[in-house]
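One structure is given below, encoded as structure tokens.
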């Protein structure tokens, strides 16, 4: 084996090591990355033959093996199956960082796989995944304009920390994943607690310092292996420069003029298609057969250049807006009367219908991953049906894009949710994208804010979101930053930068950059322009509903929380859940209880206040039982009938014995002649058994005595009768006991 290693010192006694040449040697590139006890295996395989496509067919897969954490997978089959949302989100982070770095004319099927083989409870693997993937490519012969690396930067107690430990991250007010090259940033995604634009750029600059060190380490490893600057040769495209020049000269001015009309998405699509068809009609059948695909690519290229130049030269966008202009906005709340909250947010040709559902603790989402087992009280789901873009396509479950967009919107809104003590609900938002022409994830953020306020959730502040774009000409140095980009501007542009926040600061961001050399000054300018756009959008939202409603909807569940002593949890639940199920059935409520730091946390939910109060009373009687007073009268349920009496509930969880002799003043032969199980009976507590402590009850003392009733004397009391001398057997003396014979 020819094993090579490289080590990166992170400071504070921590380091990252990369090793190649030991594992997965038949892959085109493989590395083992280790930090602490977290170990990742990353591999790349890329076909030597191109696919018949005009893009890079790249697949990035990330999996966390349960064995890495010493756990069994849940479920019946006990085997890892489809990827979890957490794994999908890591795949997207790595894919978005790698994809722009492959050559544009490289079309071979390429698969990058990253597997978590060992898990350190404190060292998070997601911040190492992008680094591991790039290192695997660096030691391969696959063409790549890298290396790149990806790190997490967090702010803990006012200080920026690179790749913080899990315990440190829990204390952070900024959590951002940043990917970049030696020269610039290429990808950003994160959440934060209403921070300023300047603070966010400072975090990215800090991250880039660490990224550069990790990129240098990859280059050093590639030099040891011999792959630095030594990549495979390929030829995946053929070109016809004469045809390219002809199309550029003929089609560019037509697309330029068509782009000035300020048409709608469909009108623009139709016009551009007509121009393309008109040119294709000038080609002979032989030319179409031989060069039709090339002509199509060159027409796309001419269209892209015309649209970009229109923005750079005339400051005019495809729909007629200026670079800082936001599309028209209209909103509506309480659109769906049966939902706990609902809203419509429409910006131009992008529309989200979002619903709010409030649930109990029993509705929380269980996250059962290889590394984490927990529950989530806030869920946000994003659905992107094909009709939203006027398309027909098969429905094959939730896409990676839907998972990613939903997660971004969730992180944007999470920062403004009220504390659990104030809002104990499990909250689910669902965004249905009904129309899409860019920025649908940001429409989800805005619609989610409106739905929360419509449902009476007392959020800290309204959150708005905007997607920014960038068009650059690297030859002239010209660039234009675009506010509220269209779908075409996202496709044709150099950057997609989504920013969400309140009036006080940023709560989440996501940025993908397709070019090299974007400066931090340009990032600052984009963030400032985004801030102005967010304020404009938020102002439009607040004209519909300015603050959360005073109360939840009438048909929303009501929830009350109660803290009880930890040692009362068992009594409240009862054997096999008998007591808590009985309370739920009797009061028509939903009750959950859990042990939190030795305390019992009870949550009661129902559709009306009276039901909650009834359940609350029952639980308080068990958790904080009143003292049973001898001589006091009570009413309770007959629990069990025995031949000698009945056991009756004095107070919840406390039973007493109602002896057959205490049922009535007259003699009772059969207890069931007087009582039946389940009926309520009034009684008086008359004492406790001195040996067992059992409570003794009497029903008859509450009944009137029959006329002429004579009390039976207590056992052992014979009144005036003389006590017989047991030694005098009617005058006969037994005499002395005879002696034993031994």
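Residue numbers (our numbering): -18 to 723.
Idealized CB from N, CA, C, for every residue including glycine.
Coarse secondary structure for residue i, derived from DSSP in three states
i, result
"residue 212", "coil"
"residue 756", "Coverage of the chain is limited to positions -18 through 723, which leaves residue 756 absent and any answer about it impossible."
"residue 87", "coil"
"residue 515", "helix"
"residue 162", "coil"
"residue 382", "helix"
"residue 545", "strand"
"residue 1", "strand"
"residue 471", "helix"
"residue 43", "strand"
"residue 173", "strand"
"residue 349", "strand"
"residue -4", "strand"
"residue 699", "The pLDDT assigned to residue 699 is 49, lower than 50, so where the model puts this residue is not dependable; a value taken from the coordinates is nonetheless given after this. Of the three classes helix, strand and coil, the one that applies to residue 699 here is coil, per DSSP."
"residue 509", "helix"
"residue 20", "strand"
"residue 367", "helix"
"residue 242", "helix"
"residue 495", "coil"
"residue 502", "helix"
"residue 168", "strand"
"residue 48", "helix"
Supposed close pair residue i, residue j - CB separation, criterion 8 Å
i, j, result
"residue 572", "residue 585", "5 Å"
"residue 175", "residue 487", "7 Å"
"residue 194", "residue -11", "6 Å"
"residue 553", "residue 541", "That belief does not hold up - the Cβ atoms of residue 553 and residue 541 are roughly 15 Å apart, past 8 Å."
"residue 394", "residue 360", "Residue 394 to residue 360, Cβ: 11 Å. No contact."
"residue 416", "residue 369", "6 Å"
"residue 407", "residue 341", "6 Å"
"residue 449", "residue 491", "Going by Cβ atoms, the distance from residue 449 to residue 491 rounds to 11 Å, so no, they are not a contact pair."
"residue 22", "residue 80", "With a Cβ gap of about 21 Å, residue 22 and residue 80 do not count as contacting."
"residue 508", "residue 181", "7 Å"
"residue 88", "residue 34", "6 Å"
"residue 622", "residue 667", "Actually they are not in contact, since the Cβ atoms of residue 622 and residue 667 sit about 20 Å apart, beyond 8 Å."
"residue 583", "residue 574", "5 Å"
Continuous alpha helix (DSSP H) stretch holding residue i: start and end
i, result
"residue 141", "Element bounds for residue 141: not the alpha helix (DSSP H) but the beta strand (DSSP E), 140 to 143."
"residue 422", "421 to 435"
"residue 623", "Here residue 623 belongs to no alpha helix (DSSP H); instead the beta strand (DSSP E) covers 614 to 623."
"residue 275", "266 to 295"
"residue 256", "246 to 261"
Beta-carbon proximity of residue i to residue j, cut-off 8 Å
i, j, result
"residue 138", "residue -9", "no"
"residue 679", "residue 630", "no"
"residue 162", "residue 118", "no"
"residue 276", "residue 233", "no"
"residue 519", "residue 445", "yes"
"residue 479", "residue 423", "yes"
"residue 11", "residue 1", "yes"
"residue 431", "residue 307", "no"
"residue 532", "residue 437", "yes"
"residue 14", "residue 109", "yes"
"residue 292", "residue 260", "no"
"residue 147", "residue 190", "no"
"residue 373", "residue 367", "yes"
"residue 84", "residue 18", "no"
"residue 363", "residue 412", "yes"
Span of the beta strand (DSSP E), counted from its first residue to its last, around residue i
i, result
"residue 192", "No beta strand (DSSP E) contains residue 192, which is instead part of the alpha helix (DSSP H) from 178 to 206."
"residue 234", "Residue 234 -> not in any beta strand (DSSP E); alpha helix (DSSP H) instead, spanning 222 to 239."
"residue 148", "Segment 147 to 150 is the alpha helix (DSSP H) holding residue 148; no beta strand (DSSP E) there."
"residue -15", "-15 to -8"
"residue 12", "10 to 16"
"residue 680", "Element bounds for residue 680: n/a, residue is neither H nor E."
"residue 414", "407 to 416"
"residue 356", "354 to 357"
"residue 629", "626 to 632"
"residue 7", "Note, residue 7: premise wrong, no beta strand (DSSP E); not H, not E."
"residue 476", "476 to 482"
Legend entry - Minimum length 3: unbroken beta strand (DSSP E) runs contained in the stretch 555 to 607: The qualifying runs are 571 to 577, 580 to 587.
Inset, instruction - Counting only runs of 4+ residues fully inside the stretch 63 to 143, write out the alpha helix (DSSP H) ranges in chain order. - result: Entirely contained in the stretch 63 to 143, the alpha helix (DSSP H) runs reaching 4 residues are, in chain order, 66 to 79, 107 to 119.
Legend entry - Secondary structure, beta strand (DSSP E): runs of 3+ residues fully inside the stretch 639 to 677: Segments of the beta strand (DSSP E) lying fully in the stretch 639 to 677: 661 to 669.
Inset, instruction - Mind listing, in chain order, the continuous alpha helix (DSSP H) runs of no fewer than 4 residues lying wholly within the stretch 437 to 467? - result: Listed in chain order, nothing qualifies, since the stretch 437 to 467 has no complete alpha helix (DSSP H) run of 4 or more residues.
Inset, instruction - Entirely within the stretch 293 to 324 and at least 3 residues each: give me those beta strand (DSSP E) ranges in chain order. - result: The qualifying runs are 310 to 314.
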